[in-house]
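>
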Amino acid sequence: MRTDDEHVADRLRWLDDEPAGPPRVDLPGAIREARRRRRNRRVAAAGAVALGVLAVAALPVALNGDGRAAPAPAASPNPSTPSPEPRPTGPWQGVCRAELLPVPGDSRATVVAGAPDGRWLVGRRAPHGQGRMDFGQLIWEGDRVREVELPGSMQQLRDVNRGGLAVGSSQTDGSGSRAWAVHDGEVVGLPMVTSGGATAVNDAGRIVGYREVAPGKPWLQRPVVWDSYRSQPVDLPLPGPRWEGTAVDVDSDGTVLAAMSDGSPDRPTRAVVWRPGAARPEVLPLPTVPGGKATTFFPASVAGGWVTGTAERDATVVPRDGLPRYAVRIDLRTGRAEVLPSVRWVGVSNGQGWLAGTLSGDVPGVIIGARSVKLPVPDGWRGDRQGSVTSFSDDGRVLGGKLESDDQVRPVRWTCR
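Given below as structure tokens:
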């Protein structure tokens, strides 16, 4: 690659919101897009995957848990710093205020996820050193921030619950990856039989992710669940013998969501869910999008019984910027799928089925029914209002994400009333 290509590629790698593990960013395509439009694009890609079948009897144990309470909140480095003012109550009005989150040292960083109540946010800073893929992890509790170092490289915390338990992954010295939890400020390696990663945690402390099936082949994965950060991982039953993929989220009731494919030559990605107490996983139907049924669906999150993700439909003529993508919301209670045309890139949903992410024009925003709200920039922000939302509290009052311009990338918290 040329020098300018390398610069763009490095920037895209550290801004990528996918877990450490198999590559999920089409760097050459993103570089072409960056040249053409001078802004970054994250390309949704299927989670890669696994072989094998587990006895169905293990599923209720994995999903029902032991009823333990959420872990104690992580200790704060500056106890004297006051917590944010109480959030307003009443109907959500869509009036929001933006503020840059504190970052020790180099201010370049991004929010990756947050707790359902908005108290905790997790993210990562820019890589240490030119050309290195070593990332410091950040945990915000209100306005207080702590930096955490995960071993290895390509480190990333992927989620945090109301108790402050954060989970994520990193690349090890070999070809595999390792799953981690951060509990009360301590980095704890999750028990693993093989290499793998953690992608989400709910308020009961249940963790989901993936394990790598074959050494040296990180793209071969299968979904797993840990009943707590101290528990051994349990393989989730597969829809069929050739299915492979990774769990991407877990709802408050224990419902697990995964991105999987059935091993066929075209390998379309599908959303698969394991409901509490169900004997088998359920492959969700592909949603209908403009022009017909989608040919693939990339699930992103599940909250309050709502699955959100991005659908694509094969076209005879592919546009220069790739296949058309549609943000889709699926109600697990009814099976109804809804296309949200004003969202260009899906970010995250909350427990009310509201969506936050990137609106047309690369502007961070919120979708509530037919209403869309563009989020503001902080006072004194230099550059355009480009960015994304990656954390959305259940009450809609606290959102986390990033804003970026040609010379800066900063983590942002929006508080709304």
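End of the sequence shown sits at 428 in this note's numbering; the numbers just go up one at a time, nothing left out.
Each residue gets a CB set at the ideal place from its N, CA and C atoms; glycine is no exception.
Being a predicted model, the structure only gives us computed values, none of them experimental.
Is GLU197 buried or exposed, if buried means 16 or more other CB atoms sit within 10 Å of its CB?
On the sequence shown, position 186 is the one that residue 197 refers to. Looking at its Cβ environment, which holds fewer than 16 other Cβ atoms inside 10 Å, GLU197 is exposed.
> Can you tell me the Cβ-Cβ gap for GLY174 and ASP214, rounded? I've got them flagged as a contact below 8 Å.
Looking up residue 174 in the sequence shown gives position 163. Looking up residue 214 in the sequence shown gives position 203. Their Cβ separation, rounded to whole angstroms, is 7 Å, which keeps GLY174 and ASP214 in contact under 8 Å.
> Using DSSP's beta-bridge definition, name the partner residues of SER275.
Position 264 of the sequence shown, counted from the first residue, corresponds to residue 275. Answer is none; SER275 lacks a bridge partner.
> On a Cα-Cα basis, can you pick out the residue from VAL339, VAL159, GLY398 that is closest to VAL114?
The residue you call residue 114 lines up with position 103 of the sequence shown. Taking only the C-alpha atoms, the option nearest VAL114 is VAL159.
> Using a 10 Å radius around the Cβ and a threshold of 16 neighbouring Cβ atoms, would you call LYS228 buried or exposed?
Locating residue 228 in the sequence shown gives position 217, where the first residue counts as 1. Label assigned to LYS228: exposed.
> Could you tell me the distance, in whole angstroms, from the CA atom of GLU323 to the CA atom of LEU295?
For the purposes of this step, residue 323 is taken as residue 312 along the sequence shown, with counting starting at 1. For the purposes of this step, residue 295 is taken as residue 284 along the sequence shown, with counting starting at 1. Between GLU323 and LEU295, the C-alpha separation is close to 15 Å.
> Buried or exposed, going by whether 16 or more other CB atoms sit within 10 Å of the CB of PRO310?
Mapped onto the sequence shown, residue 310 falls at position 299. Buried.
> Can you give me the start and stop residues for the beta strand (DSSP E) that PHE309 sits inside?
One-based indexing of the sequence shown puts residue 309 at position 298. 307-314 is the extent of the beta strand (DSSP E) around PHE309.
> When DSSP labels each residue in this structure, what does TYR240 get in the three-state scheme?
The sequence position of residue 240 within the sequence shown is 229, counting from 1. Note: TYR240 maps to coil in three-state DSSP.
> Look up VAL72 in the DSSP assignment and say whether it is helix, strand or coil.
Taking the first residue of the sequence shown as position 1, residue 72 is located at position 61. Caution applies to VAL72, whose pLDDT of 36 falls short of 50 and renders its modelled position unreliable; the model cannot decide the point.
> Between the Cα of VAL409 and the Cα atoms of ARG393, TRP151, PHE146, GLN182, which residue gives the shortest distance?
Position 398 of the sequence shown, counted from the first residue, corresponds to residue 409. Per the Cα distances, TRP151.
> Once the 5 residues before and after GLY63 are set aside, which same chain residues still bring their CB inside 6 Å of it?
Position 52 of the sequence shown, counted from the start, is the residue given in the question as residue 63. With a pLDDT of 31 at GLY63, under the threshold of 50, the modelled position of this residue cannot be trusted; read the value that follows with caution. Taken in chain order, the list of residues that qualify is empty.
> Decide if PRO352 is buried, meaning its Cβ has at least 16 other Cβ atoms within 10 Å, or exposed.
On the sequence shown, position 341 is the one that residue 352 refers to. Exposed is the call here.
> Could you spell out where the beta strand (DSSP E) holding PRO252 opens and where it closes?
The residue given as residue 252 occupies position 241 in the sequence shown. From DSSP, PRO252 is part of no beta strand (DSSP E); its letter is neither H nor E.
> Roughly how far, in whole angstroms, is the beta-carbon of PRO279 from the beta-carbon of THR257, given that I think they are within contact range, below 8 Å?
Residue mapping note: residue 279 aligns to position 268 of the sequence shown, counting from 1. Residue mapping note: residue 257 aligns to position 246 of the sequence shown, counting from 1. That belief does not hold up - the Cβ atoms of PRO279 and THR257 are roughly 16 Å apart, past 8 Å.
> Taking C-beta to C-beta, are VAL133 and LEU149 nearer than 8 Å?
In the sequence shown, residue 133 corresponds to position 122, counting from 1. In the sequence shown, residue 149 corresponds to position 138, counting from 1. Contact: yes.
> On the three-state DSSP scale, how would you describe VAL434?
No answer is possible for residue 434: it lies beyond the span of the chain, which begins at 12 and ends at 428.
> THR4: buried (16+ other C-beta within 10 angstroms of its C-beta) or exposed?
With the chain running from 12 to 428 in the structure shown, residue 4 is simply not present.
> Can you look up LEU231 in the DSSP assignment and give me helix, strand or coil?
Taking the first residue of the sequence shown as position 1, residue 231 is located at position 220. Correct three-state label for LEU231: strand.
> Thinking C-beta only, is LEU414 closer than 8 Å to CYS107?
Taking the first residue of the sequence shown as 1, we reach residue 107 at position 96. Taking the first residue of the sequence shown as 1, we reach residue 414 at position 403. Their beta carbons are not under 8 Å apart, which means CYS107 does not touch LEU414 by this criterion.
> What span of residues does the beta strand (DSSP E) with THR319 cover, start to end?
Your numbering for residue 319 matches position 308 in the sequence shown. Start and end: 317-323.
> At what residues does the beta strand (DSSP E) containing ARG217 begin and finish?
To locate residue 217, count along the sequence shown from 1; it is residue 206. Careful: ARG217 lies outside any beta strand (DSSP E) and carries neither H nor E.
> For GLU110, count neighbouring Cβ atoms within 10 angstroms of its own Cβ and tell me buried if that reaches 16, exposed if not.
Stepping through the sequence shown from its first residue, residue 110 is reached at position 99. Exposed.
> Mapping the DSSP letters down to three states, classify PRO102 as helix, strand or coil.
For the purposes of this step, residue 102 is taken as residue 91 along the sequence shown, with counting starting at 1. If DSSP states are grouped into helix, strand and coil, PRO102 belongs with coil.
> Is ALA137 buried or exposed, if buried means 16 or more other CB atoms sit within 10 Å of its CB?
The residue labelled residue 137 in the question sits at position 126 within the sequence shown. Flag for ALA137 reads buried.
> How should ALA120 be labelled, buried or exposed, when 16 other C-beta atoms within 10 angstroms of its C-beta is the threshold for buried?
Against the sequence shown, residue 120 aligns to sequence position 109. By the 10 Å Cβ count, ALA120 comes out buried.
> In this structure, does DSSP put SER263 in helix, strand or coil?
For the purposes of this step, residue 263 is identified with residue 252 of the sequence shown, where counting begins at 1. DSSP places SER263 in coil when its eight states are reduced to three.
> Could you give the C-beta distance for PRO287 and THR266, rounded to a whole number, given that I count them as a contact under 8 Å?
The residue given as residue 287 occupies position 276 in the sequence shown. The residue given as residue 266 occupies position 255 in the sequence shown. Right, their Cβ atoms sit about 6 Å apart.
> Closest to ARG135 by C-alpha separation, out of GLN167, MET144, ARG157, VAL259, would be which residue?
Here the question's residue 135 lines up with position 124 in the sequence shown. Selected option, being the one with the closest Cα: GLN167.
> Is the separation between the beta-carbon of TRP191 and that of SER180 shorter than 8 Å?
Numbered from its first residue, the sequence shown carries residue 191 at position 180. Numbered from its first residue, the sequence shown carries residue 180 at position 169. Their beta carbons are under 8 Å apart, which means TRP191 touches SER180 by this criterion.
> Mind checking whether VAL400 and PRO422 have CB atoms under 8 Å apart?
One-based indexing of the sequence shown puts residue 400 at position 389. One-based indexing of the sequence shown puts residue 422 at position 411. In this structure, PRO422 does not lie closer than 8 Å to VAL400 by Cβ.
> Would you report the Cα separation of GLN104 and GLN232, rounded to the nearest angstrom?
Translated into the one-based positions of the sequence shown, residue 104 becomes position 93. Translated into the one-based positions of the sequence shown, residue 232 becomes position 221. If you take the alpha carbons of GLN104 and GLN232, they lie about 43 Å apart.
> In the DSSP assignment, find the beta strand (DSSP E) that holds THR121 and state where it starts and stops.
Here residue 121 corresponds to residue number 110 of the sequence shown, with the count starting at 1. Where THR121 is concerned, the enclosing beta strand (DSSP E) stretches over 120-125.
> In angstroms, rounded to a whole number, what distance separates the CA positions of VAL156 and LEU268?
What you label residue 156 is simply residue 145 of the sequence shown in a count that begins at 1. What you label residue 268 is simply residue 257 of the sequence shown in a count that begins at 1. Distance between the alpha carbons of VAL156 and LEU268: 30 Å.
> Below 8 Å on the Cβ atoms is my contact criterion, and I expect VAL388 with GLY368 to pass it. Report the Cβ-Cβ distance as a whole number of Å.
Residue mapping note: residue 388 aligns to position 377 of the sequence shown, counting from 1. Residue mapping note: residue 368 aligns to position 357 of the sequence shown, counting from 1. Not really, about 17 Å apart at Cβ, beyond 8 Å.
> With C-beta atoms as the reference, is GLY147 less than 8 Å away from ARG130?
Walking along the sequence shown from the start, residue 147 turns up at place 136. Walking along the sequence shown from the start, residue 130 turns up at place 119. Their beta carbons are not under 8 Å apart, which means GLY147 does not touch ARG130 by this criterion.
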